[in-house]
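Trainee: Please find one structure pasted underneath; my questions will follow.
In this note's numbering, the protein residues as written are 3 to 209.
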């Protein structure tokens with residue numbers, strides 16, 4: 003993909019956004035290189051020249067989205083914050099901000115989280131494992147677990163919020179956009195407050 007990275011940054015982003023949108027609307031199997039080329043306003047042959055195959059392009063996009071989101075969260079989360087639920091809220095705020103700046107990422111992720119095509123499923127599982135390690139580092143390192151009630155496993159809660167965030171993104175599908183995000187975010191924050199009160203010790207949950 004060296005030839006792709008030699009393009010101007012604006013051209014790269016244009017092609018990336020076009021591919022994210024096409025995969026987001028159609029999923030991996032139904033998305034075609036021809037559709038991606040048309041969306042980007044370039045020849046089909048150029049897509050193959052830059053990426054080699056539809057699979058290579060899809061995996062590049064998966065890594066691109068993961069990199070953007072994880073870097074944004076790592077930079078945006080205050081390392082001095084030790085409250086688990088505060089970390090969830092801050093990470094969510096950063097992710098939402100990134101999705102508003104890059105709407106095509108939202109569209110892509112709505113399909114990506116539930117992609118089952120055998121051509122990419124195994125590799126996507128590896129992406130998921132790698133992303134899980136980064137989430138553990140962001141949400142659990144330095145977290146004050148003494149606030150939790152006895153028997154509460156923060157890692158299980160982390161998994162729950164991962165599922166919730168995936169469902170949150172999937173709620174948008176291809177028919178909703180960034181203008182619809184805020185009401186969903188407000189509901190998600192309300193859920194965080196409920197979980198805080200339920201899983202923290204009484205004196206912590208009432209603060």
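Quick reminder that beta carbons are idealized off the backbone N, C-alpha and C, glycines included.
Keep in mind it's a predicted model, so treat the numbers as computed, not measured.
Report yes if the CB atom of residue 203 is closer than 7 angstroms to the CB atom of residue 151, and no otherwise.
Mentor: Here the question's residue 203 lines up with position 201 in the chain shown. Here the question's residue 151 lines up with position 149 in the chain shown. Contact: yes.
Trainee: Could I get the ranges of all uninterrupted alpha helix (DSSP H) runs contained in the region 72-127, with 4 residues as the minimum, in chain order?
Mentor: Entirely contained in the region 72-127, the alpha helix (DSSP H) runs reaching 4 residues are, in chain order, 86-103 and 105-114.
Trainee: Rounded to whole angstroms, what's the CA-CA distance from residue 39 to residue 100? Just pull it up for me.
Mentor: In the chain shown, the residue the question calls residue 39 occupies position 37. In the chain shown, the residue the question calls residue 100 occupies position 98. Roughly 25 angstroms between the two C-alpha positions.
Trainee: Report yes if the CB atom of residue 110 is closer than 7 angstroms to the CB atom of residue 22, and no otherwise.
Mentor: Here residue 110 corresponds to residue number 108 of the chain shown, with the count starting at 1. Here residue 22 corresponds to residue number 20 of the chain shown, with the count starting at 1. Result yes, Cβ atoms of residue 110 and residue 22 sit closer than 7 angstroms.
Trainee: Taking just the CA atoms, how far does residue 171 sit from residue 61?
Mentor: Residue mapping note: residue 61 aligns to position 59 of the chain shown, counting from 1. Residue mapping note: residue 171 aligns to position 169 of the chain shown, counting from 1. Each residue's Cα considered, the two are about 19 angstroms apart.
Trainee: Per the contact definition of three or more C-beta pairs closer than 8 angstroms, is the region 73-92 in contact with the region 44-62?
Mentor: Judged by Cβ distances under 8 angstroms, the region 44-62 makes no contact with the region 73-92, as fewer than three pairs qualify.
Trainee: Nearest-angstrom Cα distance between residue 113 and residue 28?
Mentor: Walking along the chain shown from the start, residue 113 turns up at place 111. Walking along the chain shown from the start, residue 28 turns up at place 26. Those two C-alpha atoms are separated by around 8 angstroms.
Trainee: Between 16, 65 and 34, which has its C-alpha nearest residue 43's C-alpha?
Mentor: Locating residue 43 in the chain shown gives position 41, where the first residue counts as 1. Ranking the options by Cα distance to residue 43, first place goes to 16.
Trainee: Quick check: the Cα distance between residue 149 and residue 102, rounded to an integer number of angstroms?
Mentor: Residue 149 sits at position 147 when you count from the first residue of the chain shown. Residue 102 sits at position 100 when you count from the first residue of the chain shown. Their Cα atoms are separated by approximately 33 angstroms.
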